[in-house]
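Working notes, structure below.
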Ligand code: SF4
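Residue numbers (the working numbering): 81 to 371.
Structure below.
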């Protein structure tokens with residue numbers, strides 16, 4: 081098991097709800113949120129908040145697991161010294177240059193594994209359609225063709241398509257506290273110059289909305305990991321076109337986004353302007369504005 085996997089298991093053995101309360105008190109933060117949830121702001125601010133709320137405990141698990149794993153990796157604490165998950169709250173936060181150092185050290189192996197997986201999947205999708213014996217098992221199903229991939233549940237389908245179509249860069253998951261929000265960031269790639277985010281969307285109609293979400297997420301990553309540029313790619317399944325947008329990052333946009341998210345966390349209720357989004361929203365049954 082990897083060091084991060086061990087650290088996640090360690091945190092998950094605790095009462096994460098109680099840990100979350102302690103964490104917020106100790107660190108003086110309003111919420112622990114994944115950057116992917118905050119990036120839903122352009123779609124609907126309430127959905128961004130509800131998604132972050134739904135995932136708040138797991139975001140904390142990632143936050144604390146990464147903090148513990150990096151401290152162990154850097155030799156600042158031993159596994160045996162940390163007796164309970166609450167002890168992690170008092171570990172010192174490594175600096176961004178520590179995170180950069182680890183990113184450099186793990187990048188070669190990470191990229192090697194990702195490239196090998198990509199090669200295998202591409203080979204299966206190219207040749208598997210004609211050969212019964214050539215397939216990979218994903219989510220308990222045999223996958224041989226692109227059609228098999230498209231019939232997978234949305235989240236798993238996205239992961240497989242990302243493994244096949246996304247560009248391969250090193251990356252690392254890390255957290256930052258900005259404006260009272262603890263943000264867990266897990267970019268699809270980090271190079272010395274830019275951060276990278278990959279998304280898929282079903283249709284041309286949905287493409288501009290997905291592009292806005294991908295851009296918001298990339299701006300957040302660029303601000304958190306201090307990169308000058310951001311690069312996004314959106315795969316549109318309707319015509320299988322890969323749309324790319326690479327440009328200069330804008331720190332101001334990321335700060336505005338975080339500020340707006342904080343407003344929603346503090347009780348400002350701003351809903352989407354487009355009602356059709358509510359009809360297909362997973363929070364339709366609980367969203368106080370729609371009820
Ligand atoms: S139901 Fe509508 S307003 Fe509520 S979170 Fe979903 S999209 Fe936003």
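C-beta: ideal position from N, C-alpha, C; glycine also.
Where the alpha helix (DSSP H) through residue i begins and ends
{"i": "residue 285", "result": "Where residue 285 is concerned, there is no enclosing alpha helix (DSSP H), given that its DSSP letter is neither H nor E."}
{"i": "residue 172", "result": "Element bounds for residue 172: n/a, residue is neither H nor E."}
{"i": "residue 208", "result": "Segment: none, residue 208 is in no alpha helix (DSSP H) and carries neither H nor E."}
{"i": "residue 353", "result": "Careful: residue 353 lies outside any alpha helix (DSSP H) and carries neither H nor E."}
{"i": "residue 162", "result": "Where residue 162 is concerned, there is no enclosing alpha helix (DSSP H), given that its DSSP letter is neither H nor E."}
Sequence-distant residues of its chain with Cβ nearer than 6 Å to residue i (five each side left out)
{"i": "residue 290", "result": "279, 281 and 314"}
{"i": "residue 149", "result": "83, 84 and 87"}
{"i": "residue 326", "result": "311"}
C-beta neighbour in chain B for residue i, strict 8 Å
{"i": "residue 252", "result": "As a matter of chain content, chain B is missing from the structure shown, which is built from one protein chain."}
The ligand SF4 heavy atom lying under 7 Å from the CB of residue i
{"i": "residue 357", "result": "yes"}
{"i": "residue 126", "result": "yes"}
{"i": "residue 289", "result": "no"}
{"i": "residue 64", "result": "Because the chain is modelled from 81 through 371, residue 64 falls outside the range shown and cannot be assessed."}
{"i": "residue 120", "result": "no"}
{"i": "residue 130", "result": "yes"}
{"i": "residue 224", "result": "no"}
{"i": "residue 142", "result": "no"}
{"i": "residue 351", "result": "yes"}
{"i": "residue 364", "result": "yes"}
Span of the beta strand (DSSP E) around residue i
{"i": "residue 305", "result": "Element bounds for residue 305: n/a, residue is neither H nor E."}
{"i": "residue 129", "result": "Element bounds for residue 129: not the beta strand (DSSP E) but the alpha helix (DSSP H), 125-134."}
{"i": "residue 114", "result": "111-114"}
{"i": "residue 264", "result": "261-265"}
{"i": "residue 223", "result": "221-223"}
Residue i in three-state terms, based on DSSP
{"i": "residue 215", "result": "coil"}
{"i": "residue 153", "result": "helix"}
{"i": "residue 246", "result": "coil"}
{"i": "residue 317", "result": "coil"}
{"i": "residue 252", "result": "coil"}
{"i": "residue 329", "result": "coil"}
{"i": "residue 120", "result": "coil"}
{"i": "residue 322", "result": "strand"}
{"i": "residue 366", "result": "coil"}
{"i": "residue 184", "result": "helix"}
{"i": "residue 361", "result": "coil"}
{"i": "residue 93", "result": "coil"}
Bridge-paired residues (DSSP) for residue i
{"i": "residue 278", "result": "313"}
{"i": "residue 38", "result": "Given a span of 81 to 371 for the chain in the structure shown, any question on residue 38 remains unanswerable."}
{"i": "residue 257", "result": "262"}
Residues near residue i in its chain [Cβ-Cβ closer than 7 Å; skip 5 each side]
{"i": "residue 363", "result": "127 and 130"}
{"i": "residue 260", "result": "109, 110 and 342"}
{"i": "residue 157", "result": "151 and 171"}
Residues of its chain near residue i, where Cβ-Cβ distance is below 8 Å and the 5 sequence neighbours each way are ignored
{"i": "residue 204", "result": "214, 215, 216, 223 and 224"}
{"i": "residue 186", "result": "250 and 252"}
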